[in-house]
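J.: Handing you this structure, nothing more for now.
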Amino acid sequence: MVADDQIKEIVQAVLSQLLARPDAATTGTEPQGESKAAQPSPAGTAYSAPAVAGDRAPGTDGGGCGVDNKEDDDEELEDLTLVDLQKEILVPNPVDRAALEYFKSTTPARIGVWRSGPRPLTRTVLRFRADHAVAQDAVFSELDESLAARFDLLPVQSQVRNKDEYLTRPDLGKKLSPDSVEKIRQHCPGGVDVQLVVADGLSSRAISANLPHILPPLLEGLKAQGLTVGKGVLVRYGRVEIMDQIGMLVQAKVVVLLVGERPGLGTAESMSAYLIYQPHEGTLIADHTVVSNIHKGGTPPAEAGAYLATLIRKIYDAKASGVNLPL
Ligand code: B12
């Protein structure tokens, strides 16, 4: 086992060697074209002087090792995830800038990212990795339990004990812990029209970001639709199918689950609503209706809340959901 001091010494030695290298500021590992390409075009809009290794002036690229330029040691690194990709123009001097801006405005996909020879720009690669890190952080982040008190929800837990188990045992996330079953029996009134369930799922960030905006229009909408709503439940380490067990316990007509979606590279804050009419032992996944992509860059949560209220009324009236719900 290497002692902490030894590790520090090794890191120090590697860093001083890198800084002492004559080519530390110009590694020559990136073709010059990249740095040139990454410069803002004369008519450049959103893209300006990033403090990222691969996007410096020609010949100053550090190959992304982060120690390429001593003067920059105290500089704050730009948080690439804050840059709006749909507005970032990386193509130098585009022939038809307006068309490129239009295409980019229509999709969050990474189009028009330019290149360095056959490779993507360092900036593009770093952005990809940063977005991936954000997605991983969202998956590993824990549910903010203060949401329960804030929105008058009953905090419960699946049979999962920790995040690692959550990720490796999806089956346990579909069932309530015995304590939670008892809690729901005690605190949630039975026979309601609508049972609300909120679960962290694969992104508790999605819940923190959207819950405050979706709940008011959803609850107001259900009231306006004349539907009774039971005591809502906040599930830690929950998977989609846990909503069926909760629905069966409280004998609700319609169960609505708000859950964090598996984060992608576009956003880590996307939430889905899954809906089901009277779940029972033989319920299948296909008996659920899904409304996905609820976040500020997709269907905004306030709009989704109002829409869900009308959809729940439709499911209630049709006595069916999922593939059985008439279009
Ligand atoms: C992962 C995923 C899957 C995985 C689920 C496996 C797993 N165990 O996780 C697989 C590849 C199997 C899958 C299959 C399908 N999926 Co899918 N899936 C997703 C994805 C990318 C993430 C879902 C998520 O994060 N759920 C939250 C976590 C916590 O849930 P979970 O409990 O771990 O897993 C359950 C749910 O993911 C659910 N689920 C997944 N897909 C679907 C689709 C439908 C219609 C339903 C009711 C449930 C459901 O089943 C899982 C097991 O119980 C979403 C995209 C998104 N932005 O949400 C699409 C998404 C939900 N899927 C979709 C579709 C269309 C399907 C399929 C119908 C595709 C097909 N033609 O076969 C099938 C149906 C599955 C079924 N059994 O009936 C659509 C739903 C569109 C809609 N509004 O109805 C979405 C929104 C993608 C999209 N944008 O088109 N899917």
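For the sequence shown, the numbering used here assigns the number 1193 to the last residue and increments by one with no breaks. Glycine residues also receive a C-beta, built at the ideal position from the N, C-alpha and C atoms.
Helix, strand or coil for G1126 per DSSP?
T.: Residue state, collapsed to three classes: strand.
J.: Going by C-alpha to C-alpha distance, which of L946, L1019, I955 and L1009 sits closest to F994?
T.: Nearest C-alpha to F994: L946.
J.: Quick one: what does DSSP say Y1103 is sitting in, helix, strand or coil?
T.: Here Y1103 sits in coil by DSSP.
J.: Candidates I1080, I1073, P1078 and A1186: which alpha carbon is nearest V1121's?
T.: V1121 has its Cα closest to that of A1186, out of I1080, I1073, P1078 and A1186.
J.: Could you tell me if N1028 is buried or exposed, where buried requires 16 or more neighbouring beta carbons within 10 angstroms of its beta carbon?
T.: Answer is exposed; the Cβ neighbour count stays below 16.
J.: Straight-line CA distance for L1062 to A1168?
T.: Rounded to whole angstroms, L1062 to A1168 spans 16 Å at the Cα level.
J.: Quick test of your reading: L1088 and L1013, contact by CB under 8 Å. State the CB separation rounded to the nearest angstrom.
T.: Rounded, the Cβ-Cβ distance is 19 Å, inconsistent with contact.
J.: Where does E1147 sit, in a helix, a strand or coil, going by DSSP?
T.: Here E1147 sits in coil by DSSP.
J.: Determine the DSSP secondary structure at A1139, reduced to helix, strand or coil.
T.: Of the three classes helix, strand and coil, the one that applies to A1139 here is strand, per DSSP.
J.: Go to L1062, then tell me how far its beta strand (DSSP E) extends in each direction, as first and last residue.
T.: Start and end: V1060 to A1065.
J.: Which whole-angstrom value is the C-beta distance of V1099 and I1112, which I expect to be below 8 Å?
T.: Going by Cβ atoms, the distance from V1099 to I1112 rounds to 6 Å, so yes, they are a contact pair.
J.: Buried or exposed for L948, please, with buried defined as at least 16 other CB atoms from any protein chain shown within 10 angstroms of its CB.
T.: Answer is exposed; the Cβ neighbour count stays below 16.
J.: Taking 7 Å as the limit between beta carbons, can you name the residues of its chain near V1047, skipping five residues before and five after?
T.: Only L1115 meet the Cβ criterion.
J.: Straight-line CA distance for D1030 to K874?
T.: In a straight line, the C-alpha of D1030 is about 30 Å away from that of K874.
J.: For D1183, count neighbouring Cβ atoms within 10 angstroms of its own Cβ and tell me buried if that reaches 16, exposed if not.
T.: It counts as exposed.
J.: What do you get for T1133, buried or exposed, if any count of 16 or more other CB atoms within 10 angstroms of its CB means buried?
T.: Flag for T1133 reads buried.
J.: For D1045 and Q1052, what's the separation of their Cα atoms in angstroms?
T.: Roughly 11 Å separates the two Cα atoms.
J.: With burial defined as no fewer than 16 other Cβ atoms inside 10 Å of the residue's Cβ, what is the status of P1145: buried or exposed?
T.: It is buried - the Cβ of P1145 has at least 16 other Cβ atoms within 10 Å.
J.: Count the other CB atoms within 10 Å of the CB of S1024; is the residue buried (16 or more) or exposed (fewer)?
T.: Per the 10 Å Cβ criterion, buried.
J.: So, does the stretch 1001-1020 touch the stretch 1091-1106, judging by three or more C-beta pairs under 8 Å?
T.: Yes, the stretch 1001-1020 touches the stretch 1091-1106.
J.: Determine the burial state of E942: buried for a count of at least 16 other Cβ atoms within 10 Å of its Cβ, exposed for fewer.
T.: Exposed.
J.: Do you know offhand how far T1149's Cα is from Q1117's?
T.: In a straight line, the C-alpha of T1149 is about 14 Å away from that of Q1117.
J.: Can you tell which of V1064, G1188, R963 and H1079 has the C-alpha that lies nearest to the C-alpha of G1096?
T.: The shortest Cα separation from G1096 among V1064, G1188, R963 and H1079 belongs to V1064.
J.: Give a yes or no on whether the C-beta atoms belonging to D1059 and L1093 are separated by under 8 Å.
T.: Yes, they are a contact pair.
J.: Measuring only from the beta carbon, is G1113 closer than 7 Å to any heavy atom that is part of the ligand B12?
T.: For the ligand B12, not one heavy atom lies less than 7 Å from the Cβ of G1113.
J.: Could you tell me which of D1110, L1191, K1162 and Y1140 sits nearest to K1040, measuring between CA atoms?
T.: Of the listed residues, the one whose Cα sits closest to K1040 is D1110.
J.: Report yes if the C-beta of S1074 is less than 7 Å from at least one heavy atom of the ligand NAP; otherwise report no.
T.: As for the ligand NAP, it is missing from this structure, which binds only the ligand B12.
J.: Would you say the beta carbon of H1146 comes nearer than 7 Å to a heavy atom of the ligand B12?
T.: Because no heavy atom of the ligand B12 lies under 7 Å away, the Cβ of H1146 does not count as near it: no.
J.: Which of the three DSSP states, helix, strand or coil, is assigned to L1047?
T.: Inspection of the sequence shows that residue 1047 is occupied by Val rather than by Leu. Note: V1047 maps to helix in three-state DSSP.
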